[in-house]
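Engineer: My structure is below; once you've seen it, I'll send some questions.
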Amino acid sequence: MSDIRDDVTEGFEHVHGYAPLGIWSAPGRVNLIGEHTDYNEGFVLPFAINRRTVVALGVRDDSRMNVASEFADEMAGIPLAELAPSRLEGWSAYPLGVAWALGEAGADLAAVPGVDLYIESTVPVGAGLSSSAAIESAVAVALDEVWQLGLDRPALARAGQLAENKAVGAPTGIMDQSASLLGQDDHAVFLDCRSLQSELVPLGFAEAGLELLIIDTGVSHDHSTGGYADRRASCEAGAAGMGVSSLRDLSADDLPRARETLDDETFRRVRHVVTENQRVLDTVRVLRSEGPTAIGDLLDASHLSMRDDFEISVPELDLAVETAQANGAIGARMTGGGFGGAAIALVPASGISRIQVAIDGAFAEHGFSQPTMFTVTASNGAQRDR
Ligand code: ADP
Ligand code: MG
Numbered sequence: 001m002s003d004i005r006d007d008v009t010e011g012f013e014h015v016h017g018y019a020p021l022g023i024w025s026a027p028g029r030v031n032l033i034g035e036h037t038d039y040n041e042g043f044v045l046p047f048a049i050n051r052r053t054v055v056a057l058g059v060r061d062d063s064r065m066n067v068a069s070e071f072a073d074e075m076a077g078i079p080l081a082e083l084a085p086s087r088l089e090g091w092s093a094y095p096l097g098v099a100w101a102l103g104e105a106g107a108d109l110a111a112v113p114g115v116d117l118y119i120e121s122t123v124p125v126g127a128g129l130s131s132s133a134a135i136e137s138a139v140a141v142a143l144d145e146v147w148q149l150g151l152d153r154p155a156l157a158r159a160g161q162l163a164e165n166k167a168v169g170a171p172t173g174i175m176d177q178s179a180s181l182l183g184q185d186d187h188a189v190f191l192d193c194r195s196l197q198s199e200l201v202p203l204g205f206a207e208a209g210l211e212l213l214i215i216d217t218g219v220s221h222d223h224s225t226g227g228y229a230d231r232r233a234s235c236e237a238g239a240a241g242m243g244v245s246s247l248r249d250l251s252a253d254d255l256p257r258a259r260e261t262l263d264d265e266t267f268r269r270v271r272h273v274v275t276e277n278q279r280v281l282d283t284v285r286v287l288r289s290e291g292p293t294a295i296g297d298l299l300d301a302s303h304l305s306m307r308d309d310f311e312i313s314v315p316e317l318d319l320a321v322e323t324a325q326a327n328g329a330i331g332a333r334m335t336g337g338g339f340g341g342a343a344i345a346l347v348p349a350s351g352i353s354r355i356q357v358a359i360d361g362a363f364a365e366h367g368f369s370q371p372t373m374f375t376v377t378a379s380n381g382a383q384r385d386r
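Right under this line is the structure:
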C-alpha cells in the first residue's frame, strides 16, 4: 500500500516544482455524543479518527501563499498581505482562511515568509466527519511551526473556527477543530465549549470487544446554506426568550418554564440542547464507571432527540440507526450537523458483518443509494509527520 506521506510529497513536487520542507497532518473526527451543543456553550464528546488530511509545505522566497489539493483542479493563491475573508472563496478559503485567522491571532503576515501547500486526505468530504476541521487543523499546525508563532492548541482551534466562520461563512462551533487538535489514541475529547477546557476520556472500545461503525449515507449537507444556521438562530431565540446568554445556562428544571414561554418549535429545539448536554455528562460518567458497553441507551436517546426535537435527521439516517439497533448494535445515532452525512453504531466486533448486511439490505429495500460503511478508531490529533 502506498503511504499518503509519499503521495503528498510527490504531489507537492509535481505542482510546485521543488521538494517540501515538511509534512503535517490532522485527523477528521466523529462526535460520539453532544450534537449542536457546542455553539450553545455546552458539552461535546468527539474523538479524532484514523483518517487524516495531510499537508506538504514549502517556504517561498516571496510573501505569497499558494495552495493546491488533490481534491481540486486549480491552484489558488494570494499575497499574504492581501488576505481578507472577502477575497476568499471555494475550497481554498479553508487553508487561506486559516492563514488570515492566524494573522488575527497575532501573526505578522507582513513579516512571515510565503508558503506553498499541497494537500491530500483520507477524510471523506461532507460525511459529517469534519474534513473541514482536518484541513484547517493540518494547515494551522504547519503554519504555526514554520512561522514560529508558538500558539497553543486551543488558540489554533480558535483560528480554524474563525477561518470557517468568516472566510468560509459557515457558523460552526469549536468542537471539530478541538477534536482534531487535541485527540489522542483510544480517548475521546470531553470539551466544555464555554471554558474551552478539555479532558481526555478513555474509550476502551477494543478492550470491550466493540467497534465504532460509521454509516455514511452519502446524502450531502452544506453547512453554509443548509438548516444549520437556522437551528443556530432558533437556539439564540430560545436563549433570549428564556433570559439567558446561552442555552448552557438552562437545565432540565427549566424545561417546564420553557414550554410555557416559548413557541412549540423553539421549545423543542431548546429541549434537545438541554437534554443533550446532560447526555454528554452522563456518557462521560458511564464511560469512566462502567465502560463503553453501558453507553448504548444514551446514544439511542440522542438520536431520538435529534430526530423529533431538533429535526435534523433524514430518512436515510433514521433507517441506518434503526437497522443497526435491530441487528445487535449497543447503540446508534446520527452524528454531525445533520441533514445528511453519517450515522454511528457502537457494535460488537463479532456482529459487525451482520449489521452491515442488514443495513445494505434495508437501504436497497427503500430505494436509497448504498451507504459507505467503515470502522474508525480513536487516534492522535494534529502532528508533524516528517
Ligand atoms: P465536512 O463534514 O466534511 O467537514 P464541510 O462542508 O464542513 O464538510 O467541509 C467540506 C469542504 O472542506 C469541502 O467542500 C472543501 O471545500 C473543503 N475540504 C475538505 N477537505 C479538503 C481537501 N482535502 N482539499 C481541499 N478542500 C477540502
Ligand atoms: Mg465541516
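Per UniProt numbering, the very first residue in the sequence shown carries number 1; after that it's consecutive. Virtual Cβ for every residue (Gly too), placed ideally from N, Cα, C.
#1: So what's Leu-156 in DSSP terms, helix, strand or just coil?
#2: In its own chain, which residues sit with a C-beta less than 7 angstroms from the C-beta of His-303, not counting the 5 before and 5 after it?
#3: Just to confirm, is the Cβ distance from Leu-83 to Ala-72 under 7 angstroms?
#4: What residues are listed by DSSP as bridge partners for Gly-22?
#5: Is Phe-368 helix, strand or coil when you go by DSSP?
#6: Does the distance from the C-beta atom of Ser-234 to that of Gly-340 stay below 7 angstroms?
#7: Which partner residues does Thr-216 have in the DSSP bridge list?
#8: Decide yes or no for the touch test of the region 159 to 172 against the region 352 to 372: beta carbon pairs closer than 8 angstroms, at least 3 of them.
#9: So what does Leu-191 bridge to, in DSSP terms?
#10: Do Leu-181 and Ala-382 have their beta-carbon atoms positioned less than 7 angstroms apart in this structure?
#11: The ligand MN and Ser-69: does any heavy atom of the ligand fall closer than 6 angstroms to the residue's C-beta?
#12: According to the Cβ coordinates, are Leu-143 and Leu-102 closer than 7 angstroms?
#13: What is the rounded straight-line gap between the Cα of Leu-213 and the Cα of Val-347?
#14: Expressed to the nearest angstrom, what Euclidean distance is found between the alpha-carbon atoms of Ser-69 and Ser-2?
#15: For Gln-278 and Asp-300, which I take to be in contact (beta-carbon distance under 8 angstroms), what is that distance rounded to the nearest angstrom?
#16: From Gln-184 to Tyr-18, what distance separates their C-alpha atoms?
#17: Can the beta-carbon of Gly-114 be found less than 7 angstroms from the beta-carbon of Met-65?
#18: CA-CA distance, Ala-208 and Asp-116?
#19: Which class does Gly-243 belong to by DSSP, given the choice of helix, strand or coil?
#20: Please find out if some non-hydrogen atom of the ligand ADP comes closer than 6 angstroms to the beta-carbon of Thr-283.
Structural biologist: This is what the structure gives:
#1: Correct three-state label for Leu-156: helix.
#2: Contacts found: Val-321, Ala-332, Arg-333 and Met-334.
#3: Contact flag unset, no.
#4: Bridge partners of Gly-22: Leu-57.
#5: DSSP places Phe-368 in coil when its eight states are reduced to three.
#6: No, the Cβ-Cβ distance between Ser-234 and Gly-340 is not below 7 angstroms.
#7: The amino acid at residue 216 is misidentified as Thr; the sequence shows Asp. For Asp-216, which the question treats as bridged, DSSP gives the partners Ala-342 and Thr-372.
#8: With a cut-off of 8 angstroms, the region 352 to 372 and the region 159 to 172 do not count as touching, because too few Cβ pairs lie within range.
#9: Beta-bridge partners of Leu-191 (DSSP): Val-44 and Ser-198.
#10: Result yes, Cβ atoms of Ala-382 and Leu-181 sit closer than 7 angstroms.
#11: Because the ligand MN does not appear in the structure shown, any question about it cannot be addressed here, the ligands present being the ligand ADP and the ligand MG.
#12: Yes, the pair counts as a contact, with Cβ atoms nearer than the cut-off.
#13: Each residue's alpha carbon lies about 7 angstroms from the other.
#14: Each residue's Cα considered, the two are about 18 angstroms apart.
#15: About 15 angstroms separates the two Cβ atoms, so there is no contact after all.
#16: Going by the C-alpha atoms only, they are around 33 angstroms apart.
#17: Cβ distance < 7 angstroms, so Gly-114 and Met-65 count as in contact.
#18: C-alpha separation (whole angstroms): 44 angstroms.
#19: Coil.
#20: No, the Cβ of Thr-283 stays beyond 6 angstroms of every heavy atom of the ligand ADP.
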